[in-house]
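Numbering (this note's numbering), first residue to last: 8 to 448. Note that CB positions come from ideal geometry on N, CA and C, so glycine has one too. Report on the structure given below.
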Ligand SMILES: O=P(O)(O)OC[C@H]1O[C@H](OP(=O)(O)OP(=O)(O)O)[C@H](O)[C@@H]1O
């Protein structure tokens, strides 16, 4: 039993709170955390936290915004209740995918012209091209605006009518067969303009691009649109509420730690994933570790190097490109997976588009079996239906967010217990011991 410590749980992940408390031998702090009918939170801490080292466990899945506000209220309540130190334990850190730069995958909006509106084989880098002597005026120039707006209107009508100047629309190129099996929502029908929900894949949606193109040409001269830098705000809110320390796991962007002026311990899910490979995949050294996008390559190669395994990379092409045999429209494989078991390694699956599309590509390239190993199984929207209908043979996640309901719906899902890792991290922080030693092997 660890002394002088308080474990306080939010409502996001009661099972994890219980496991951590049991492992530490400390009963969870008694509290009432409810909502008024208007939606405001009400917290009452029923045990004394005076002079105690308090660890508040609240994960980032589910009702992310509600859970985050609850966390801030809990931190503040402990601080004003004279806690000696308050540590926020966020197994999945909310907003860590939008630390600073705009989340829009085409980059900072309006930094470049988004599209050549007449054709579908554009790239963001090359259009509009610099006008040369005798060439027509660039669409990006002020006196090109009128013409551009007309063409935008025309392009959007053509999209609606299914016309495309002989060039196949990109969305139909990339639509996975399993998306219709999952109720037809998929990337195509989940566009921000239709549902108000933005996903990582909306940058591939021609209707979104067209809208952005319109915004570009309609923007006031000298005005640069921008999007909220939510990650910075979230970091500030936690420290303003009174957090003295953060414990989290596999931050999407590890450099996000630099946004805090308090200590952040970013635990690695790697050890759990590695152990799973060693213990559950026969002849694992013959298998290939695959990163489903360049952003996760470092994470995946770390596991491949540690286990002395082959590595392959799927390049998630940000720009719409013409289709070749080698390209799954917007995904391209670098490496050989023929007759191999493939293990996709990533930090998280949200809509599961990334892993299901990667699995489809890998099977097409000759993989015999495809598993996905992820730290955070967020599985929002119809992600589970998408996995069920996909080429994935198995998906392994930690329970950094609750997985009971996902397990019930998805026979392909296997869950690794993460509670003892957090309990040990809490014990070490409490005693001032090394956290990195937790990951030495
Ligand atoms: O399940 P999904 O909805 O497909 O989302 C999961 C993907 O999103 C994140 O990467 P992101 O696309 O943000 O790109 P990055 O790794 O380049 O930052 C994450 O690392 C996954 O690859």
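Across the set 394, 71 and 238, the C-alpha of 394 shows the shortest separation from the C-alpha of residue 360. The C-alpha of residue 65 is placed about 13 Å away from the C-alpha of residue 35. Burial state of residue 428 is buried, judged by a 10 Å Cβ sphere holding 16 or more other Cβ atoms. Residue pairing by DSSP places residue 318 opposite 296 in a beta bridge. Here residue 87 is exposed, its C-beta having fewer than 16 other C-beta atoms within 10 Å.
By the criterion of at least three beta-carbon pairs nearer than 8 Å, the region 274-288 is not in contact with the region 367-375. Boundaries of the alpha helix (DSSP H) harbouring residue 247: 237-248, taken from the DSSP string. By the C-beta density criterion, residue 438 is exposed, having fewer than 16 other C-beta atoms within 10 angstroms. With contacts defined by Cβ atoms closer than 8 Å, residue 382 and residue 256 form a contacting pair. With contacts defined as CB atoms closer than 8 Å, residue 384 and residue 26 fail to qualify as a contacting pair.
Taking the Cβ of residue 20 as the reference point, every heavy atom of ligand 1 lies at 7 Å or farther away. Its chain contains 67, 255 and 258 as the residues whose beta carbon lies nearer than 7 Å to that of residue 100, once the 5 sequence neighbours on both sides are disregarded; these appear in chain order.
Runs of the alpha helix (DSSP H) spanning 4 or more residues and lying entirely within the region 394-445 occur at 411-416 and 426-438, in chain order. Shortest gap from the CB of residue 355 to any heavy atom of ligand 1: under 7 Å. Beyond the five residues adjoining it in sequence on each side, residue 445 comes within less than 8 Å, by CB distance, of 274, 428, 431, 432 and 435 in the same chain, given in chain order. Residue 235 is classed as exposed because its beta carbon has fewer than 16 other beta carbons within 10 Å across all chains shown.
Listed in chain order, the non-local C-beta contacts of residue 413 below 7 Å within the same chain comprise 384, 386, 391 and 420, local neighbours out to five positions each way being set aside. The closest heavy atom of ligand 1 lies 7 Å or more from the beta carbon of residue 395.
Between ligand 1 and the CB of residue 257, the shortest heavy atom gap is not smaller than 7 Å. The shortest CA-to-CA distance from residue 54 to any of 416, 389 and 89 is the one to 89. When DSSP states are grouped into helix, strand and coil, residue 28 belongs to the helix group. Going by DSSP, residue 346 is part of no beta strand (DSSP E) at all; its letter is neither H nor E. Taking 8 Å as the cut-off, the Cβ atoms of residue 247 and residue 297 do not count as close.
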